[in-house]
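K.L.:
Below is the structure I would like to discuss, written out as structure tokens.
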Amino acid sequence: MTQAQASHEASPGGVSPGGLEHWTTKGDVRLFLWEKPAVARSGKRGTILFVHGSSMASTPTFDLQVPGRDDASVMDYFARCGFDTWCVDMEGYGRSDKNRAITSNISDGADDLAAASAYIQEQRGCGPLLVYGISSGALRAALFAERHPDRVARLALDAMVWTGDGSPTLAERRKKLPQFKSGKRRPIDRAFVHSIFTRDHPGTADEAVVDAFADAILALDDSMPVGTYIDMCENLPLVDPARITMPTLVMRGEYDGIASFDDLLKFFALLPNPDKQLAVMPGIAHASFQQKNYAIVYHILGSFFEQPAPVYRG
């Protein structure tokens, strides 16, 4: 069912040496996984699975290397904190297979996470995972958590959208819905990557980081699947907060245009586990880990993942 190989060499997409390359399968589809193990220290703190968004593969988002910024890779940062870290390219992205005639929608991505999580737990003998998803990756992660609650210890949803009500980004995106629905993939280029950082509030990210991010994305892909765009434009809501039973963190950048505050507040109110948090991140737009205020994101996420379980529940 699974196959793996490990490499300590740098891979396309800007990742650093020191990672381990893995492959697993979803039916006949090969999926690429990338692991950065915890740096040796007493007591590991858990295993994180990072879930990417609509317009980039996993390693540019989570293992980005930027000259002069040694903590640009969130995987390196959390590995140094004692976490085993993993990411996976969804089908249709990065190094994973792109040969099926599908749009790689949110449900497909949840299936990818089911395959990836099974592989990680089998290979490393770890328990439930700490799962972080951003943008459409948050929807993938939430739907995966609904389907497989036993595999998720704690869930972090960044740049999440629930119904889409009040979203300026999605209002603009819907204007291109006929174009997205005309094929299975949409082209991307350097200007598109830069637009991610200018559409909400220009100036929230350093130009050198955006350039490195664009380099890493475009080294792997010149087009992206349309499935998540279509889902977010016309099929929301895709997840049911009442069925997300594990401790959950909802993260929103101050300037993020994907979801309105009201949309997220309603979603948050319906989460059944009392161990839940809603964090607003000041000075941050959409791509949290590439922002000038990335240290705030790291701190919020790390604190949530390290929070002790309650000893008294009443």
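Per my numbering, the very first residue in the sequence shown carries number 15; after that it's consecutive. Yeah, the Cβ is synthetic: ideal placement off N, Cα and C, and Gly gets one too.
Is N287 buried or exposed, if buried means 16 or more other CB atoms sit within 10 Å of its CB?
P.N.:
It counts as exposed.
K.L.:
If you reduce the DSSP assignment to three classes, tell me which class C95 lands in.
P.N.:
C95 falls in the coil class under three-state DSSP.
K.L.:
Skipping 5 residues on each side, what residues in its chain have a beta carbon closer than 6 Å to that of Q305?
P.N.:
Cβ within range, chain order: T218, A219 and I298.
K.L.:
Considering just the uninterrupted stretch of the alpha helix (DSSP H) at P74, what are its terminal residues?
P.N.:
Looking at the DSSP string, the run of the alpha helix (DSSP H) that includes P74 is S72 to F76.
K.L.:
Considering only residues of the same chain and omitting the five flanking positions on each side of D276, which have a CB-CB separation below 8 Å?
P.N.:
Closer than 8 Å at the Cβ level, and outside the excluded window around D276, lie D179 and G180.
K.L.:
Rounding to the nearest angstrom, what Cα-Cα distance links D254 and Q135 in this structure?
P.N.:
Approximately 26 Å between the Cα atoms of the pair.
K.L.:
Which same chain residues, not among the five before or five after K75, have their C-beta less than 6 Å away from its C-beta?
P.N.:
Note on residue identity: the sequence assigns Thr, not Lys, to residue 75. H66, listed in sequence order.
K.L.:
Just list the alpha helix (DSSP H) runs in the region 195-272, keeping only unbroken ones of 4 residues or longer that don't cross its boundaries, in chain order.
P.N.:
As far as the region 195-272 is concerned, its whole alpha helix (DSSP H) runs of at least 4 residues are 204-210, 221-232 and 241-248.
K.L.:
Which value, in whole angstroms, describes the spacing of the CA atoms of D77 and V175?
P.N.:
If I take the Cα positions, the gap works out to 24 Å.
K.L.:
Report the three-state DSSP secondary structure of V168 (helix, strand or coil).
P.N.:
Contrary to the premise, residue 168 reads as Arg rather than Val in this sequence. Three-state result, R168: strand.
K.L.:
Check whether the region 38-45 and the region 124-132 touch, using three or more Cβ-Cβ pairs below 8 Å as the test.
P.N.:
Yes: the two stretches touch, three or more of their Cβ pairs being nearer than 8 Å.
K.L.:
On the DSSP letters alone, give me the boundaries of the beta strand (DSSP E) that L184 sits inside.
P.N.:
That residue, L184, is in no beta strand (DSSP E); its alpha helix (DSSP H) goes P182 to R188.
K.L.:
In whole angstroms, what is the alpha-carbon distance linking E248 and S196?
P.N.:
In a straight line, the C-alpha of E248 is about 15 Å away from that of S196.
K.L.:
Can you give the Cα-Cα distance for A93 and P192, rounded to whole angstroms?
P.N.:
Going by the C-alpha atoms only, they are around 43 Å apart.
K.L.:
In whole angstroms, what separates the C-alpha of A414 from that of T183?
P.N.:
The shown model of the chain, from 15 to 328, leaves out residue 414, and the question about it has no answer.
K.L.:
For Y326, collect the residues of the same chain with a Cβ closer than 7 Å to its Cβ; drop the 5 residues on either side in sequence, then sort them by chain order.
P.N.:
Nothing meets the Cβ criterion.
K.L.:
Out of I231, T262 and G328, state which residue places its alpha-carbon closest to the alpha-carbon of I314.
P.N.:
The candidate whose alpha carbon is nearest that of I314 is T262.
K.L.:
Taking 9 Å as the CB-CB cut-off, is A228 touching chain D?
P.N.:
Structure shown: chain D not included; a single protein chain is present.
K.L.:
Rounded to the nearest angstrom, how far is the Cβ of I148 from that of S302, given a contact under 8 Å?
P.N.:
Right, the Cβ-Cβ distance comes to about 7 Å (below 8 Å), so this counts as a contact.
K.L.:
By DSSP, does V175 sit in helix, in strand, or in coil?
P.N.:
Coil at V175, not helix or strand.
K.L.:
My guess is that W48 and C95 are in contact by the Cβ rule of under 8 Å, so how many angstroms apart are they, rounded?
P.N.:
Not really, about 18 Å apart at Cβ, beyond 8 Å.
K.L.:
Grab me the residues of Q321's own chain with a C-beta within less than 6 Å of its C-beta, minus the 5 sequence neighbours each way, in chain order.
P.N.:
Excluding positions up to five away in sequence, the list is empty.
K.L.:
Tell me whether the beta-carbon of A323 lies closer than 9 Å to the beta-carbon of L284.
P.N.:
No; because the gap between Cβ atoms is not below 9 Å, this pair is not in contact.
K.L.:
Please name the residue in C140, A86 and V43 whose C-alpha comes closest to that of I116.
P.N.:
I116 has its Cα closest to that of V43, out of C140, A86 and V43.
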